[in-house]
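Residue numbers (my numbering): 14 to 207. Let me begin by presenting the structure, written as structure tokens, before commenting on it.
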DNA sequence: CACCCGATTATCT
DNA sequence: GATAATCGGGTGT
């Protein structure tokens, strides 16, 4: 098995970690099944320098993991319907930070993902932040789990990413900080959102 | 307790 | 492309 990403990996600048998570493998154990996918799209969210971040105005009950728990999951509920899965990552000089996982290329347990999503079409299975959490069965129960341990949810090394395959753009679905180029995706991959 | 709104998605036209 | 769905968090009264 590929080596699991350790605490050090996540203890770096949020935007750098967002870039480096491309090509890694997200694994989720679901009803004794193993569901996984290759991370093909991410976005970085920081703290007081980032008006688009949950952590912008300081620590609250919801966003507390972003401040304290490097290498842990941060899952939140949005628009009354969807869960978004984030990885807490930041350097010591940042107060908070997390990487939103926006899309996966489905790998293991595809038939269970199709069942979870009520969606047969592979193309539409995990090509968005709310879609991939539904496919993997990620909900509020998966908030604040240590991703550096081989338990319910973790991330391991995956495929080699060529630097000229990485596209950098502004983030999606936010009304502020459009100038920040903190979204990354693999140009050659079909599962990128939108 | 009332109000506003969001790191989205599916389903229209 | 436009919009309804849907509900918990955050804020202020």
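Note that CB positions come from ideal geometry on N, CA and C, so glycine has one too.
ask   = Can you tell me where the beta strand (DSSP E) with residue 117 in it begins and where it stops?
value = 111-119
query = Bridge partners of residue 43, per DSSP?
reply = 46
key: One or two residues paired with residue 196 in a DSSP bridge   = 56 and 182
ask   = With DSSP run on the structure shown, which of helix, strand or coil describes residue 86?
value = strand
query = So, using beta-carbon positions, are residue 110 and residue 182 closer together than 7 angstroms?
reply = no
query = If you draw a straight line from the alpha carbon of residue 60 to that of residue 132, how long is it in whole angstroms?
reply = 36 angstroms
task = Starting from residue 167, follow the beta strand (DSSP E) in both directions and report where the run begins and ends.
result = 166-169
Three-state secondary structure assigned by DSSP to residue 26 = coil
ask   = Taking the continuous beta strand (DSSP E) assigned at residue 99, which residues delimit it?
value = 95-101
ask   = If we call anything under 7 angstroms between Cβ atoms a contact, is residue 9 one with residue 53?
value = In the structure displayed, the chain extends from 14 to 207; residue 9 sits before or after that span and is not available.
message = Looking at the strands, I want to know which residues DSSP matches up with residue 159.
response = 85
task = Note the first and the last residue of the continuous alpha helix (DSSP H) segment covering residue 123.
result = 123-130
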